[in-house]
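First to last, the sequence lines map onto chains A and B. Start counting the first sequence at 1; every next residue gets the next number (UniProt numbering). Start counting the second sequence at 1; every next residue gets the next number (UniProt numbering). The beta-carbon is built from N, C-alpha and C at its ideal position, and this holds for glycine as well. As the structure is a computational prediction, the values presented were derived from the model and not from experiment.
2 protein chains.
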Amino acid sequence: MLKDEILKILINNRSSSEKQNNKYIGKAPGTSCCNKLEVGQYKAQDCDFDVSESDKIEFTKGNYISGAAICSKLGVSRTTVCRMVKKLKDEGYNIESSTKKGYRIIENTVCQSDMLNKAELEHEFIKAGLYKQNDFEHEGEKYIQKSEFKSLKIFYTDEIDSTNTWAKKLAEESGIKTIVCISASQTKGYGRHGNTWVSPHGQGIYLSIVLHPEICTDKLPVITLAAALAAAEAIRECSGVNALIKWPNDIVFEGKKLGGILTEMAADMDGVRYVVCGIGINVNNDTFKDGNLEYAVSLFNITKKKYSRKKLICDITNKFLKYSDAVFKSGNLQPIKEKYKSLLVNIGKTVRISEKKGEFEALSEGINDEGCLIVLKNNNERVCIVSGDVSVRGIYGYV
Amino acid sequence: MLKDEILKILINNRSSSEKQNNKYIGKAPGTSCCNKLEVGQYKAQDCDFDVSESDKIEFTKGNYISGAAICSKLGVSRTTVCRMVKKLKDEGYNIESSTKKGYRIIENTVCQSDMLNKAELEHEFIKAGLYKQNDFEHEGEKYIQKSEFKSLKIFYTDEIDSTNTWAKKLAEESGIKTIVCISASQTKGYGRHGNTWVSPHGQGIYLSIVLHPEICTDKLPVITLAAALAAAEAIRECSGVNALIKWPNDIVFEGKKLGGILTEMAADMDGVRYVVCGIGINVNNDTFKDGNLEYAVSLFNITKKKYSRKKLICDITNKFLKYSDAVFKSGNLQPIKEKYKSLLVNIGKTVRISEKKGEFEALSEGINDEGCLIVLKNNNERVCIVSGDVSVRGIYGYV
């Protein structure tokens with residue numbers, strides 16, 4: 001779409017302007033904050049985008065791109081460019097037009113920095129080295145990767161029933177190995193046991209990632225744990241919030257749920273065909289209106305700040321791809337076990353385990369290489385809990 | 001559709017006529033030949049439908065149903081009934097019309113007895129006690145079962161990309177627990193490793209069955225083995241052909257492939273969500289034109305007789321539901337292991353096992369409770385082969 005092409009050009013120009021002014025919002029391209037950190041050394045990174053007054057002045061010194069340059073690049077008339085710029089303004093972009101200099105995007109409000117669309121996401125993923133522009137051609141429903149560079153493909157929509165359902169459909173039909181599905185809202189978002197995942201427009205992260213690992217069907221728990229670690233770390237680094245993991249798949253803060261993971265897979269007799277990892281995070285939610293949400297909390301509830309979803313989506317994806325690759329190669333949780341354990345909220349706590357045949361309380365001691373929770377029962381028997389069998393809760397509440 | 005409703009009435013009447021004349025083609029309603037047979041006692045049943053000349057005379061004594069009765073039952077005019085009967089004749093039905101007596105279907109050719117459509121399949125499944133007419137209501141894509149009677153739902157089409165793909169879609173969307181998908185042809189039929197399954201119109205069986213068992217993801221091999229046993233037994237009983245099983249999923253006759261099973265599943269962290277068992281059988285195929293089919297063979301190639309696909313579909317489904325239920329309850333292959341072993345062609349043979357890391361030859365000794373093939377290597381080491389890892393072939397050919 002022409003509007004998207006113009007947006008891409010403006011975003012690219014915004015980025016070069018950001019770099020020139022040395023006031024880059026977020027990380028510099030190519031750097032990865034998680035590489036610099038050891039387990040336990042988590043700290044807030046300067047990557048939320050509350051821009052101070054002095055920043056704003058610096059920020060608006062950036063370059064313009066001339067209308068003529070856009071016309072020439074896209075082969076369209078000035079009038080068309082004008083019309084598309086107006087559309088982008090209607091969508092919420094603050095675009096400055098100067099007769100002499102041309103156009104530029106200015107981000108001086110939180111809302112503008114949290115603009116979520118395909119162009120913004122692609123820009124973010126390109127900066128992180130995860131995505132290459134125009135790397136896929138498609139013939140009908142099938143996509144063909146053009147380069148040797150093994151990039152992922154981003155699918156974005158404003159509304160979908162569920163990103164996991166969408167991702168499964170794309171996994172069946174598209175032929176793409178690594179798929180990232182993002183929606184601004186979900187009408188039928190779901191979590192474990194078919195529970196509803198409340199997914200209001202523009203507030204949370206609704207992200208599903210498809211991988212095609214060559215693994216056995218019993219490795220599913222390990223993938224879930226890799227995703228939980230990726231999400232918890234990215235949240236900690238981006239917001240400074242003390243996000244922890246409730247085994248196996250929830251991201252929690254002080255006993256409330258910040259996010260969750262739902263991993264699904266398709267398999268046949270020869271092993272896993274593909275895995276879909278769904279990641280839902282409560283980011284800028286103000287209140288939780290629907291559903292049984294006494295335990296829900298958002299980053300905004302905790303810090304009273306709003307965060308860039310595209311940045312967090314990109315960081316989570318980046319970490320998840322790295323961690324899942326490591327566990328696929330080793331065949332178990334070993335490469336990320338210590339990191340996961342360092343964020344595991346259950347350790348040393350008494351938990352209530354609900355199985356089909358009944359409930360029991362036990363002391364949670366840690367996890368093993370297969371991603372099972374190791375607990376010590378009251379009779380001093382030590383058992384490994386597999387996620388499929390049980391529900392784990394603290395004895396005084398959700399965690 | 002009105003035409004289908006009229007066909008249902010005519011088929012029901014054909015059935016009562018068949019019963020009156022005591023010349024029922026196939027088994028009597030409610031009986032199940034597999035119950036009467038012990039392992040190793042397989043014999044040809046009188047259920048193919050080569051009708052002799054003397055049979056034909058008996059057969060055409062059946063009752064007619066009057067045009068008036070059809071009009072009254074369906075609330076349509078005589079002209080409409082006439083028009084629909086003509087359509088059914090165009091589709092291949094031999095329908096006798098008598099001004100005084102009314103209409104009746106006569107089956108005196110092989111082609112007419114192998115008519116495959118929804119009404120014929122439903123009639124066959126009702127006789128076997130597997131299906132109850134009008135047991136489902138649907139609201140959009142969701143179906144609701146009306147009765148306590150846990151029947152399955154049959155989906156039939158003339159052409160589909162793949163019955164497994166269709167079955168997976170229905171499993172995701174329909175809400176039905178037991179789904180049986182049948183197509184007269186497949187345009188993108190597939191087997192293991194994505195190999196093409198040649199699926200010409202009206203010749204083979206292309207059947208996919210969806211189940212929702214409460215099992216762990218590692219039980220997939222056992223389901224495949226249950227389906228292979230069901231298919232091999234039904235073929236033996238229906239045709240008298242010495243169909244055997246090549247571990248884990250092929251039905252073979254004298255070193256050639258009669259049929260195959262492809263089991264797929266969808267799972268999440270809490271276990272299997274559903275299983276799709278695809279069953280392809282070469283029934284009335286004359287030649288195999290496409291693909292690499294040096295090892296393919298059909299029942300027609302072997303016996304020079306043609307068989308009723310609907311009857312075989314119903315028998316396979318009936319046995320598969322029984323066997324899969326037994327293995328789900330026990331959690332392993334134990335309930336059907338001896339039956340499976342009695343038809344296993346690999347036993348006592350030297351097989352070539354192809355793994356990722358290389359090939360080796362070994363003596364195939366049997367299967368264990370998990371459905372793994374037990375082989376004795378040349379160094380006297382005994383190992384269990386899991387289906388996902390390997391390809392097994394005889395050292396002098398396909399079996």
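Practice prompt. Run through the region 274-327 of chain B for me and flag every whole beta strand (DSSP E) of 3 or more residues, listed as ranges in chain order.
Written response: none
Discussion item. Using beta carbons (cut-off 7 Å, strictly below), is B:S91 in contact with chain A?
Written reply: Numbered from its first residue, the second sequence carries residue 91 of chain B at position 91. Contrary to the premise, residue 91 of chain B reads as Glu rather than Ser in this sequence. So, not an interface residue.
Worksheet entry | Secondary structure of B:G204, DSSP reduced to three states | Position 204 of the second sequence holds residue 204 of chain B. In the structure shown, B:G204 sits in coil (DSSP, three-state: anything other than H, G, I, E or B).
Discussion item. Once the 5 residues before and after B:K8 are set aside, which same chain residues still bring their CB inside 7 Å of it?
Written reply: Within the second sequence, numbered from 1, the residue matching residue 8 of chain B stands at position 8. Cβ neighbours of B:K8 beyond the five flanking positions: A119.
Fill in: Beta-carbon proximity list for B:T303, same chain, < 7 Å, skipping 5 on both sides
Counting from 1 along the second sequence, the entry for residue 303 of chain B is found at position 303. Cβ within range, chain order: S239, V241.
Discussion item. In the DSSP output, what is B:Y103 paired with across the bridge?
Written reply: In the second sequence, the residue the question calls residue 103 of chain B occupies position 103. B:I65, B:S97, per the DSSP bridge assignment.
Practice prompt. Can you give me, in chain order, the residues of the region 240-265 of chain A that have a beta carbon less than 9 Å from any beta carbon in chain B?
Written response: P248, N249, I261, L262, T263, E264, M265
Practice prompt. Please classify B:G30: does DSSP put it in a helix, a strand, or coil?
Written response: For the purposes of this step, residue 30 of chain B is identified with residue 30 of the second sequence, where counting begins at 1. Because the pLDDT at B:G30 is just 36, under 50, the model does not fix this residue reliably, and the point stays unresolved.
Discussion item. Closest to A:D90 by C-alpha separation, out of A:K3, A:N63, A:F155, A:K127, would be which residue?
Written reply: For the purposes of this step, residue 90 of chain A is identified with residue 90 of the first sequence, where counting begins at 1. Out of A:K3, A:N63, A:F155, A:K127, A:K3 has the C-alpha closest to the C-alpha of A:D90.
Worksheet item: Relative to the alpha-carbon of B:K356, which residue among B:S387, B:T350, B:P221, B:I70 has its alpha-carbon at the smallest distance?
Response: Position 356 of the second sequence, counted from the first residue, corresponds to residue 356 of chain B. Of the listed residues, the one whose Cα sits closest to B:K356 is B:S387.
Discussion item. Please tell me whether A:N284 and A:K306 are closer than 7 Å, where the distance is taken between their beta carbons.
Written reply: Translated into positions along the first sequence, residue 284 of chain A becomes position 284. Translated into positions along the first sequence, residue 306 of chain A becomes position 306. Going by C-beta atoms, A:N284 is nearer than 7 Å to A:K306.
Worksheet item: Is it right to say B:A234 is buried, meaning 16 or more other beta carbons lie within 10 angstroms of its own, or is it exposed?
Response: Residue 234 of chain B sits at position 234 when you count from the first residue of the second sequence. It counts as buried.
Worksheet item: Quick one, which of A:V222, A:I144, A:L258 has its alpha-carbon nearest A:N332's?
Response: Counting from 1 along the first sequence, the entry for residue 332 of chain A is found at position 332. The shortest C-alpha separation from A:N332 is found at A:V222.
Worksheet entry | Closest Cα partner of A:G397 within the set A:R273, A:K257, A:V81, A:S66 | In the first sequence, the residue the question calls residue 397 of chain A occupies position 397. The shortest C-alpha separation from A:G397 is found at A:K257.
Worksheet item: Quick one: what's got a C-beta closer than 6 Å to B:C314's C-beta in the same chain, skipping five residues either side?
Response: The residue labelled residue 314 of chain B in the question sits at position 314 within the second sequence. Apart from the 5 residues on each side of it in sequence, B:C314 sits with its Cβ closer than 6 Å to the Cβ of E124, F125, A128 in its chain, given in chain order.
Practice prompt. Measure the alpha-carbon distance for A:D161 versus A:W247 and round it to whole angstroms.
Written response: Here the question's residue 161 of chain A lines up with position 161 in the first sequence. Here the question's residue 247 of chain A lines up with position 247 in the first sequence. Whole-angstrom Cα-Cα distance: 27 Å.
Practice prompt. Out of A:G278, A:E359, A:S183, state which residue places its alpha-carbon closest to the alpha-carbon of A:M265.
Written response: On the first sequence, position 265 is the one that residue 265 of chain A refers to. Considering only alpha carbons, the answer is A:G278.
Practice prompt. Taking A:L220 as the query, report the chain B residues whose CB atoms sit under 9 Å from its CB, ordered along the chain.
Written response: Residue mapping note: residue 220 of chain A aligns to position 220 of the first sequence, counting from 1. T217, A267, D268, M269, listed in chain order.
Practice prompt. Give the residues of chain B in contact with A:R192, contact being defined as C-beta atoms less than 8 Å apart.
Written response: As a position in the first sequence, residue 192 of chain A is number 192, starting the count at 1. The contacting residues are D268, M269, D270.
Worksheet item: In whole angstroms, what is the alpha-carbon distance linking A:N12 and A:R104?
Response: Translated into the one-based positions of the first sequence, residue 12 of chain A becomes position 12. Translated into the one-based positions of the first sequence, residue 104 of chain A becomes position 104. Looking at the two C-alpha atoms, the distance is approximately 10 Å.
Fill in: DSSP three-state assignment for A:D4, whether helix, strand or coil
In the first sequence, the residue the question calls residue 4 of chain A occupies position 4. Helix.
Worksheet item: Closest Cβ-Cβ distance between A:S387 and chain B: below 7 Å?
Response: The residue you call residue 387 of chain A lines up with position 387 of the first sequence. Yes, contact with chain B.
Item to complete: Express the C-alpha separation of B:S72 and B:F320 in angstroms, rounding to a whole number.
Response: Along the second sequence, read from residue 1 onward, the residue named residue 320 of chain B stands at position 320. Along the second sequence, read from residue 1 onward, the residue named residue 72 of chain B stands at position 72. Distance between the alpha carbons of B:F320 and B:S72 is about 40 Å.
Discussion item. Please tell me whether A:T224 has its Cβ less than 7 Å away from any Cβ of chain B.
Written reply: Reading the first sequence from its first residue, position 224 is the one you call residue 224 of chain A. It does; some Cβ of chain B falls within 7 Å.
Practice prompt. Kindly indicate which three-state DSSP category A:A243 falls into: helix, strand or coil?
Written response: As a working mapping, residue 243 of chain A is identified with position 243 in the first sequence. Looking at A:A243 - three-state DSSP - the assignment turns out to be coil, as it is neither helix nor strand.
Worksheet entry | Reference B:E137, options B:K349, B:T165, B:I176, closest by Cα | Here the question's residue 137 of chain B lines up with position 137 in the second sequence. Of the candidates B:K349, B:T165, B:I176, the one whose C-alpha sits nearest the C-alpha of B:E137 is B:I176.
Worksheet item: Hey, how far is the Cα of A:F49 from the Cα of A:E122?
Response: Taking the first residue of the first sequence as position 1, residue 49 of chain A is located at position 49. Taking the first residue of the first sequence as position 1, residue 122 of chain A is located at position 122. Reliability fails at A:F49, whose pLDDT of 41 lies under 50, so the model's placement of it is uncertain and no value is given.
Worksheet item: Considering only residues of the region 107-144 of chain B, which uninterrupted beta strand (DSSP E) runs meet the minimum length of 3 residues and lie entirely inside it, listed in chain order?
Response: 136-139
Discussion item. I need the DSSP call for B:G394, collapsed to helix, strand or coil.
Written reply: Here residue 394 of chain B corresponds to residue number 394 of the second sequence, with the count starting at 1. Reduced to three states, the DSSP call for B:G394 is strand.
Fill in: Candidates B:F155, B:E141, B:N134, B:G140, of which the one nearest B:S147 by Cα
As a first step, residue 147 of chain B is located in the second sequence; it is residue number 147 there, counting from the start. The residue among B:F155, B:E141, B:N134, B:G140 with its C-alpha nearest the C-alpha of B:S147 is B:N134.
Worksheet item: Between which two residues does the alpha helix (DSSP H) carrying B:Y340 extend?
Response: Locating residue 340 of chain B in the second sequence gives position 340, counting from the first residue. 334-342 is the span of the alpha helix (DSSP H), which, as asked, contains B:Y340.
Worksheet item: Assuming A:G67 and A:G102 make a contact with CB atoms under 8 Å, what is their CB distance in whole Å?
Response: The residue labelled residue 67 of chain A in the question sits at position 67 within the first sequence. The residue labelled residue 102 of chain A in the question sits at position 102 within the first sequence. Correct: roughly 5 Å between the Cβ atoms.
Discussion item. Please tell me whether B:G366 and B:I374 are closer than 7 Å, where the distance is taken between their beta carbons.
Written reply: For this step, residue 366 of chain B is matched to residue 366 along the second sequence. For this step, residue 374 of chain B is matched to residue 374 along the second sequence. Taking 7 Å as the Cβ cut-off, B:G366 and B:I374 qualify as a contacting pair.
Fill in: Three-state class that DSSP yields for A:M265 in the structure shown
Stepping through the first sequence from its first residue, residue 265 of chain A is reached at position 265. A:M265: strand per DSSP, three-state reduction.
Item to complete: Take the Cβ of B:K339 as the centre, count every other Cβ of all protein chains shown within 10 Å, and call the residue buried at 16 or more, exposed below.
Response: For the purposes of this step, residue 339 of chain B is identified with residue 339 of the second sequence, where counting begins at 1. Its Cβ being crowded by 16 or more others within 10 Å, B:K339 is buried.
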